[in-house]
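Undergrad: Here it is, the structure in full.
Numbering (the working numbering), first residue to last: 174 to 668.
Structure (structure tokens):
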């Protein structure tokens, strides 16, 4: 391909990544309005979780298919499926429908992320790949900043439906650029798709998430339904391990985990993903439910965190070849821990300025990991293993995000219900009339709730969110232990 065509291809790839990466944050700031319109507060976490589960499951599968049959057709396929899911999401009239359509979106997103990264490695020589990796990181940072603001603006000035419809024109441009200018030079390599591994992994993850979501809410933790889901999770996790050991080209190659740096990088990615995602989901909810702010307010409050993540990612990238992975990630985890610890103190009385500062700190801490952990995963690996290593890192981080949404979502819901019941013990108040948390997201509905009742419900919501952030310090501490064991390697040196 000519340099001119390559530039158009890069624009198409970056737009595709921007669209898929931005989709979580753009929806996060609109979530309060969506819940107010469609109802189903108890299921709102599934709007994000459904997208993450299917995207996560699709990553390794589409990566293998693109190796076998070519990148272009599956990248285009991913865009088309993503756009269909986006259009359906805009038409949804219930939280259940929206969750299902978000799952369709996630299937498309699962094709976009790994294939775009692989195409970059296909079309650029080694000396230019570092620059392109930096561009990919910048796009992720840009999506984090643009998403909350764009989602808030669209929600407040049009309707939440357009949060999904906006993907359609962008996607059409991406399809045109890739169709017209991308010419594959590498012959597809016939490999065996690990369908058994993919299937058993999906069943294990879905059963785990259903158990975490329904446990303590719809069913008791010791109920037959939750126990059955736990048994399914354990069974299919075992089958997945067996399938991967026998697979010719496993989705998750266990041999890589024998390398200390690779193993510790994956542990950190898992735990960072599980804790960072709850900020993008629950801070907008906190702002709208506790502060009574609009979707725009929710978007503004996320910006410091997203800008901080861009700064952290860029800083980590600059020092990758000068400072050891362990030292860089130690800075990361300390800043992340401090930011999360401060967030665990928030209440209805916390000023928005303080909240913004806390968010910026967490963003800087997590931002380091965006550039460091993928590089650490590839460190001193042969070229034929690098794609597998980066896709594994992306998959594990995504799995952590999915697990975090389910676990912390269940925790927040249970704590909120407990706190709410405690606050109204002995009170002659009809909670069915005034305790409907959907009303917290709409100013007109809040005005109809007696002040005394509203304050108690708000306090219960604030307490449940801060408790969740406090518990999140546990996985961050475990991540710190893993980071301490990374060894003394740095980029460009032997371990």
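Quick reminder that beta carbons are idealized off the backbone N, C-alpha and C, glycines included.
Can you name the start and end residues of the alpha helix (DSSP H) that residue 659 belongs to?
TA: For the purposes of this step, residue 659 is identified with residue 486 of the chain shown, where counting begins at 1. Run containing residue 659: none; DSSP gives neither H nor E here.
Undergrad: Cβ atoms of residue 493 and residue 424: under 9 Å apart, would you say?
TA: Here residue 424 refers to the residue found at position 251 when the chain shown is read from its first residue. Here residue 493 refers to the residue found at position 320 when the chain shown is read from its first residue. No, these two residues do not count as a Cβ contact at 9 Å.
Undergrad: Is DSSP giving residue 432 helix, strand or coil here?
TA: In the chain shown, residue 432 corresponds to position 259, counting from 1. Of the three classes helix, strand and coil, the one that applies to residue 432 here is coil, per DSSP.
Undergrad: Give the secondary structure of residue 608 by DSSP, where H, G and I count as helix, E and B as strand, and everything else as coil.
TA: Numbered from its first residue, the chain shown carries residue 608 at position 435. Since pLDDT at residue 608 reaches only 46, below the 50 mark, its modelled position is unreliable, and no value is offered.
Undergrad: Take the Cβ of residue 333 as the centre, count every other Cβ of all protein chains shown within 10 Å, and call the residue buried at 16 or more, exposed below.
TA: Within the chain shown, residue 333 is the residue found at index 160, counting from 1. Its Cβ being crowded by 16 or more others within 10 Å, residue 333 is buried.
Undergrad: My output table needs one value for residue 175: the three-state DSSP class, helix, strand or coil.
TA: Indexing the chain shown from 1 puts residue 175 at position 2. Correct three-state label for residue 175: coil.
Undergrad: Considering Cα atoms alone, identify which of 551, 531 and 335 is closest to residue 437.
TA: Numbered from 1 along the chain shown, position 264 holds the residue referred to as residue 437. Checked all of 551, 531 and 335; the closest Cα to residue 437 is 551.
Undergrad: Only counting the same chain, and skipping five residues up and downstream in sequence, which positions put a Cβ closer than 8 Å to that of residue 477?
TA: As a position in the chain shown, residue 477 is number 304, starting the count at 1. 529, 530, 532, 533 and 536.
Undergrad: When the Cα atoms are used, what is the spatial distance from residue 378 to residue 626?
TA: For this step, residue 378 is matched to residue 205 along the chain shown. For this step, residue 626 is matched to residue 453 along the chain shown. Using only the alpha carbons, I get a separation of about 39 Å.
Undergrad: Note down the Cα distance separating residue 608 from residue 429, rounded to an integer number of angstroms.
TA: The sequence position of residue 608 within the chain shown is 435, counting from 1. The sequence position of residue 429 within the chain shown is 256, counting from 1. With a pLDDT of 46 at residue 608, under the threshold of 50, the modelled position of that residue is not reliable, and no figure is offered here.
Undergrad: Can you tell me which of the three DSSP states residue 491 falls into?
TA: If you number the chain shown from 1, residue 491 lands on position 318. In the structure shown, residue 491 sits in a helix (DSSP, three-state: H, G or I).
Undergrad: By Cβ distance, which residues of its chain are closer than 6 Å to residue 293, with the 5 residues on each side in sequence left out?
TA: As a working note, residue 293 is residue 120 in the chain shown. Cβ neighbours of residue 293 beyond the five flanking positions: 305.
Undergrad: List, from N- to C-terminal side, the alpha helix (DSSP H) runs of 4 residues or more that fit wholly inside the region 318 to 367.
TA: Those alpha helix (DSSP H) runs which fall completely within the region 318 to 367 and span 4+ residues are 335 to 338 and 340 to 354.
Undergrad: If you reduce the DSSP assignment to three classes, tell me which class residue 196 lands in.
TA: Mapped onto the chain shown, residue 196 falls at position 23. If DSSP states are grouped into helix, strand and coil, residue 196 belongs with the helices.
Undergrad: Specify, as a first and last residue, the run of the alpha helix (DSSP H) that residue 500 falls within.
TA: Within the chain shown, numbered from 1, the residue matching residue 500 stands at position 327. Element bounds for residue 500: 498 to 516.
Undergrad: Is it a yes or a no for the region 326 to 344 touching the region 233 to 244, going by three-plus beta-carbon pairs under 8 Å?
TA: Too few Cβ pairs lie closer than 8 Å, so no.
Undergrad: Along the chain, where does the alpha helix (DSSP H) containing residue 465 start, and where does it finish?
TA: Residue 465 sits at position 292 when you count from the first residue of the chain shown. Run containing residue 465: none; DSSP gives neither H nor E here.
Undergrad: Provide the residue span of the alpha helix (DSSP H) that contains residue 417, from first to last.
TA: Reading the chain shown from its first residue, position 244 is the one you call residue 417. First-last of the alpha helix (DSSP H) with residue 417: 397 to 419.
Undergrad: Take residue 573 and list the residues in its own chain whose beta-carbon comes closer than 6 Å to its own, dropping the five residues that flank it on each side.
TA: Here residue 573 corresponds to residue number 400 of the chain shown, with the count starting at 1. Contacts found: 443, 446 and 447.
Undergrad: Mind checking if residue 474 is an interface residue toward chain C, Cβ cutoff 9 Å exclusive?
TA: Absent here is chain C; the protein component of the structure consists of one chain.
Undergrad: Over the uninterrupted alpha helix (DSSP H) stretch that includes residue 526, give me the two end residues.
TA: Taking the first residue of the chain shown as position 1, residue 526 is located at position 353. 525 to 551 is the span of the alpha helix (DSSP H), which, as asked, contains residue 526.
Undergrad: Assess contact between the region 219 to 232 and the region 270 to 283, defined as three or more Cβ pairs (one per stretch) separated by less than 8 Å. Is contact present?
TA: Segments in contact, yes.
Undergrad: Determine the burial state of residue 499: buried for a count of at least 16 other Cβ atoms within 10 Å of its Cβ, exposed for fewer.
TA: In the chain shown, residue 499 corresponds to position 326, counting from 1. It counts as buried.
Undergrad: In the DSSP assignment, the alpha helix (DSSP H) including residue 251 goes from what residue to what residue?
TA: In the chain shown, counting from the first residue as 1, residue 251 sits at position 78. 244 to 264 is the extent of the alpha helix (DSSP H) around residue 251.
Undergrad: How many whole angstroms separate the CB atoms of residue 489 and residue 544, which I take to be in contact at a CB cut-off of 8 Å?
TA: Taking the first residue of the chain shown as position 1, residue 489 is located at position 316. Taking the first residue of the chain shown as position 1, residue 544 is located at position 371. Going by Cβ atoms, the distance from residue 489 to residue 544 rounds to 4 Å, so yes, they are a contact pair.
Undergrad: Return the first residue and the last residue of the alpha helix (DSSP H) that residue 206 is part of.
TA: Here residue 206 refers to the residue found at position 33 of the chain shown. That run of the alpha helix (DSSP H) goes 204 to 211.
Undergrad: Can you name the start and end residues of the alpha helix (DSSP H) that residue 627 belongs to?
TA: Counting from one through the chain shown, the residue named residue 627 turns up at place 454. Start and end: 624 to 644.
Undergrad: So residue 319 and residue 204 are supposed to be a Cβ contact under 8 Å. How far apart are they, rounded?
TA: The residue labelled residue 319 in the question sits at position 146 within the chain shown. The residue labelled residue 204 in the question sits at position 31 within the chain shown. About 17 Å separates the two Cβ atoms, so there is no contact after all.
Undergrad: Are residue 635 and residue 463 touching if we call contact CB-CB under 9 Å?
TA: By one-based count along the chain shown, residue 635 stands at place 462. By one-based count along the chain shown, residue 463 stands at place 290. It is a contact, given that the beta carbons lie within the stated cut-off.
Undergrad: Rounded to the nearest angstrom, what separates residue 336 and residue 200 at their Cα positions?
TA: Counting from 1 along the chain shown, the entry for residue 336 is found at position 163. Counting from 1 along the chain shown, the entry for residue 200 is found at position 27. The straight-line gap from Cα to Cα measures roughly 7 Å.
Undergrad: On the premise that residue 451 lies in contact with residue 268, defined as a C-beta separation below 8 Å, what is that separation, rounded to the nearest angstrom?
TA: Taking the first residue of the chain shown as position 1, residue 268 is located at position 95. Taking the first residue of the chain shown as position 1, residue 451 is located at position 278. About 19 Å separates the two Cβ atoms, so there is no contact after all.
Undergrad: I believe residue 281 touches residue 312 by the beta-carbon criterion, under 8 Å. Please report the beta-carbon distance rounded to the nearest angstrom.
TA: On the chain shown, residue 281 is found 108 positions in, with the first residue counted as 1. On the chain shown, residue 312 is found 139 positions in, with the first residue counted as 1. Incorrect: roughly 17 Å between the Cβ atoms, too far for contact.
Undergrad: Let me check understanding here. Comparing Cα to Cα, which of 566, 260 and 487 lies closest to residue 427?
TA: What you label residue 427 is simply residue 254 of the chain shown in a count that begins at 1. For the residues 566, 260 and 487, the minimum Cα distance to residue 427 belongs to 566.
Undergrad: Consult DSSP for residue 519 and reduce its assignment to one of helix, strand or coil.
TA: The count along the chain shown starts at 1 and reaches residue 519 at position 346. Note: residue 519 maps to coil in three-state DSSP.
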